[in-house]
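Chains as they are written, first to last, in numbering that gives the first Met the number 0: chain A, 0 to 425; chain B, 0 to 327; chain C, 0 to 346.
Down below is the structure, laid out as structure tokens.
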Amino acid sequence: MATRIVMSKLSPTMEEGRVLHWVKKEGDPVEPGDVVVEVETDKATMEVEAMGAGVLRKILVEDGGTVPTGTLLGVVAAPDEDISAILAEAEAGAVAEATAATDGAAAVAAATPATAEAPATVSAAAVEVAVEPAHQPAGDGGRVKASPLAKRMARENGIRLEQLNGSGTGGRIIKRDIEAAVSGGVAATTVAAVGSEAPYQQVELSQIRKAIARNLVTSMGPIPHFFLTIEIDMNRALDLRAELNKSLEGSGAKIGVNEILIKTAAQALAEHPNVNVAFADDHIRRFTRVDVGVAVAVPDGLITPVLRNIGPKGLRQISAELRDMVDRARGKKLAPEEYYGATFTISNLGMYGIDEFTAVINPPAATIMAVGATVEKPVVVDGSVQVRKRMRVTLSCDHRAVDGAMGAEFLATFRDMLENPLRLVL
Amino acid sequence: MALMTYRDALNQALREEMRRDPDVFMMGEEVGAYQGAYKVSRGLLEEFGEWRVRDMPIAELGFTGLGVGAAMVGLRPIVEYMTWSFALLAIDGIVNAAAKMRYMSGGQFKMPITFRGPSGVANQVGATHSQALESWYATVPGLKVVAPATARDAKGLLKSAIRDDDPVVFLEGELLYGSKEEVPEDENFTIPLGVSEVKREGADVTIVVHARPLHSALRAAEIVESEDGISAEVIDPRTLRPMDIDTILDSVRKTNRCVVVEEGWAVCGMGAQVVDDIQREAFDYLDAPIARVTGADTPHPYAKNLEQLHFPQADLIVKAARQACYRK
Amino acid sequence: MATRTKPTDGLLGLDRGPLIEMLRWMILGRRYEEKSAEMYQMGQIGGFCHLYIGQESVAVGAITPLRDDDYVITAYRDHVHGLVCGMDPRAIMAELFGRVDGCSRGKGGSMHLFDRDANFMGGHAIVGGHLPIAAGIGYAIRYRDTDQVCICFLGDSVANIGAFNESLNMAALFQLPVVFIIENNQYGMGTAVSRAAAIENLADRACAYEGMQGWTIDGTEVLEVRETVEAAVDRARVHKLPTLIEANTYRFVGHSMSDPNYGHYRTKEEVHHFKAHDDPIKRYIETLKKHQMITDADIEEIETEARRIVDESVEFANNSPEPPADDLYTDIYAEPYPDAKRRDPWR
């Protein structure tokens, strides 16, 4: 049976892709799982595997060709099979969106995210009373057990039941689970969006919030930015880093400033969940996990690998993950889900000697933090002038979701934590 | 207002209605000279005479039909059964004749008759004398079915039943006759048929219950309040057909959980209809499956311990309420 | 055995008017039932339809002497009883057709005819179910202390059912003005009376009730029926005593339209014998002719009039619309019953 190879939609933002290199040539035998073609998305290079066996009968898009997602790239079929209908279909237009891959399209990218199950967590404290049997996954072979009321509440709040753990009998999702998910307070049960995106709680837009979003967008382009800058005394943070690295000598591990910034940001965001958000047209997603993107310069541009769920991770783990990500980013080996969906982003140009700059928000996140170089400068401390190591950071905020005071309060916490870095271990 | 027994409240209702309307008369086994098997008709023979308080032979089918015939020509008979289990001998008169007369005559004949008597379990009277068969009657269009659980309701509802132009099956609680409550003595006091009453307000779970188990449910509500912090709302529909389901639905939309209690059997019981009404009209408000507490799905045993086990006691309602609220 | 003697003067001292009126009713009843059979076979009448052909003398002889304020109640073989009580023949036929102009707006059917204005109390389809109701009507008469009576027709099978004993016992005990008339057509559905009742004359069962008389008569003689019922009515009206009459008669047709006229339970020869010798209409015409009360021309006129009424009834029923759909939901209670639709949103 003939199977199609199409330009799959490999990332949420991908609209077109480029054929880099056909690994197989027309006439080559193909087994399922064989890499047939390499394609380049907006961010990375992907290997496309065959889903069916046969011969690569036809290549429709040659190396270097850029086509919209869904376009038929080639056909795998038996040597004597009639594929004229498929070719005619391709003539008539692009195969329907990559979703067609589910009903007979032949190929999927090897790196296509396998809809990573978000690690929704249930805080015992959120559950009002012990329950039997507690905390079974609500999913049951794909069917989600939820009370009719819970379903209605989830629908009204834009919550995806699949991502919740039910606290009712047999894991049924019930009213209190939705209430816990909706309330910003205790991150009991959480909602995750597609793929590896951080789970979030949907916050309905108030009328004033809608008005702000509407008005600002008309004044300042698709995302109404505003910028908050703060200067941070880095002496103690850098001292801490030095001490940590001393203790790590010989282990091969080394903590960088970025890791400390990432960790500090996650801690501060935990205290300011209203900044760990995204604007989503008719509602605000308040993420219940901190996924930090780190801007990495690569030869032909910029990519922001995302370190997931920073909250529970220590500096050493963050460091290891960051190093791996950066390496793979530079080799263009990141899978789409690895560079999409940050809830907060850090862009550090300090190594280039930049004192201070503003960064452009990378949707869908509502914030990005631009970090300048740490420089020694005279500062008045307790009435006397001292030379201190100072760093200036600028937070870009999406005004549709984040107001000035919210951002400022977050930055103040961020600064206080860096200036008293022992808070990081609290 | 006066503190009086359920029995005396019924007696007062009968007396007031017979004084008020000369077309009202009552009949049954031992209602006259004996003063009533349960003394509900005490003193009525003396006041109203034998044509209006008629002792009947033990012939339920016969005197039920006699009542139907009298109602066809405009009287307002009250037919007393010594227990509703005995009325099984008369069910043709109730179901085939009384319930259908208006319909199959195209509205020519009204049927202002009240069938009344004790229903449900008594004390160790065994399988043939203890049944709660309200669902048998409540399934029949044309009948109205009433089951008061308190003295006040008993008086107010019986007066309305007697004044009603349709046949009313009026189920009294054999073990409620001695229960007391403040009851209005005003002869104009009535309680309309088809109106539920919230017997206890609450926020977390709705308990729908009629007849004697109401008292079990009220005790259960106190227990879950003090032991579990569950606030139970207790609703007594009082009239089972036509039932005021809106009051129940309003409550369930508020509490999102429901326990339906009845003394009768579970299969095709009254509560099954309540559950259907709720799921049909308030499905999206339910946060838990509706729990039912019923009489055991067995005949009624004689042995005292087994008989008590048969009844929907408060402890069972407590368990059901906890389950509905996802408590242990 | 309490069998009443036959009338001595042959005509009960009645004038020609009431004598002819009885014949009119009997012939109308016969033609009406024949037309009903035809309409049933054409599919215009549905369900169970029990015809009265051969028994006309009982209803006519019993009902014609009654006062307008007396009550009549019977079982499911009820068309002719309703007619003789004064019901509109057109409304009966429309009811049989299931049309809105039927006496019960099409909701009752053949077995459940009612007419409150005619004091025709039905039309009851459960064997024995209406006897207690008759007692209740009698009780109400006593309760109101009027001198009405209630005539209750019943089939021979009813003598064996519990309600028979309960009702006759109460009627005797409370001295109710009820006349129970057993129409013994020899078969309870397809079972001969002798195979169902452990007694030769069903009326003899009256002896079980103090104050009740039990009379067995030839029900094919309309004048004998009339004279007997008049005596029973007098007992009821004046003395408040019930009576049990057993009128022996014969059904010329099957139990219902769904049943054969003859077969395993009775022979064709038997049916033909009764039709030839015991047709109550033929007998009554013979009697009237013997007394020079009627001519063939009179009979022809009566037949013509009966056919006219029957044809008019059929035409009326044909022209009557079916009941509107909303009628399904009316007449259940005194007040509207919205729950019926609320629980049934699709119908």
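Backbone N, C-alpha and C fix where the C-beta goes; we use that ideal spot for every residue, glycine too.
Along the length of the stretch 163-193 of chain B, whole beta strand (DSSP E) runs at least 3 residues long occupy 167-172, 179-182, reported in chain order.
Residue-level contact check: D283 of chain B touches chain A, since one or more beta carbons of chain A fall below 7 Å from its beta carbon. Cβ contact annotation for T254 of chain B (same chain, cutoff 8 Å, sequence separation greater than five): G201, A202, D203, V204, T205, E232, in chain order. Taking the Cβ atoms as the reference, M368 of chain A lies roughly 7 Å from T344 of chain A, within the contact range of under 8 Å.
The alpha-carbon separation between Q312 of chain B and G108 of chain C amounts to approximately 48 Å. Straight-line measurement puts the Cα of G340 of chain A at about 16 Å from the Cα of D280 of chain A.
Taking CB atoms only, D275 of chain B has no neighbour in chain A less than 7 Å away. If you keep only unbroken alpha helix (DSSP H) runs of at least 4 residues inside the stretch 86-113 of chain B, you get 100-103. The three-state secondary structure of K312 of chain A, taken from DSSP, is coil. From the beta-carbon of R104 of chain C, the residues of chain B found nearer than 8 Å are G105, G106. Taken in chain order, the members of the stretch 243-259 of chain B whose beta-carbon sits within less than 8 Å of a beta-carbon on chain A are N255. Taking CB atoms only, L160 of chain A has no neighbour in chain B less than 7 Å away. Under a criterion of Cβ atoms nearer than 9 Å, the residues of chain B adjacent to G167 of chain A are, in order, D286, A287, Y325. An exposed status is given to C267 of chain B, since fewer than 16 other beta-carbon atoms sit within 10 Å of its beta-carbon.
For H111 of chain C, the closest Cβ of chain B is nearer than 7 Å. In the pairwise beta carbon analysis, the stretch 2-10 of chain B is classified as not touching the stretch 385-397 of chain A: fewer than three pairs are separated by under 8 Å. Per DSSP, the unbroken beta strand (DSSP E) holding G371 of chain A starts and ends at 366-380.
For R204 of chain C, the closest Cβ of chain B is not nearer than 7 Å.
Counting only residues of its own chain and dropping the five nearest sequence neighbours on each side, G51 of chain A has a CB closer than 7 Å to the CB of M0, T2, P31, V75, A105.
Boundaries for Y70 of chain C: no alpha helix (DSSP H) harbours it, while the beta strand (DSSP E) harbouring it runs 70-73, taken from the DSSP string.
In the three-state reduction of the DSSP assignment, E230 of chain A falls in the strand class. If you draw a straight line from the Cα of L314 of chain A to the Cα of L333 of chain A, it comes to about 22 Å. For F286 of chain A, there is no enclosing alpha helix (DSSP H); the enclosing beta strand (DSSP E) has its first and last residue at 282-286.
Taking a cut-off of 8 Å on C-beta distances, the stretch 227-235 of chain A touches the stretch 404-419 of chain A, as three or more cross pairs fall below it. A direct Cα-Cα distance of roughly 7 Å separates R256 of chain B from C324 of chain B.
Setting aside the 5 residues that flank it on each side, R89 of chain C is surrounded in the same chain by S312, F315, each with a C-beta closer than 6 Å to its C-beta; the list follows chain order. Only exposed fits W345 of chain C, as fewer than 16 other CB atoms lie within 10 angstroms of its CB.
Under the three-state reduction of DSSP, R75 of chain B is assigned to strand. Ranked by Cα distance from C48 of chain C, the first of C:Y31, C:V57, C:P64 is C:Y31. The alpha-carbon of R75 of chain B is positioned some 20 Å away from that of D114 of chain C.
Close to V30 of chain B, with beta-carbon spacing below 8 Å, lies no residue of chain C; the smallest spacing is near 14 Å. Proximity of the stretch 213-228 of chain C to the stretch 91-99 of chain C falls short of the contact definition, fewer than three beta-carbon pairs being nearer than 8 Å. Between P131 of chain C and S103 of chain C, the gap from beta carbon to beta carbon reaches 7 Å or more.
At a Cβ-Cβ threshold of 7 Å, A210 of chain B and G177 of chain B do not count as neighbours. Residue contact check for I136 of chain C against chain B: a CB pair falls below 7 Å.
Each of B:L170, B:Q123, B:A302, B:A150 was checked against the Cα of L142 of chain B, and the nearest Cα belongs to B:L170.
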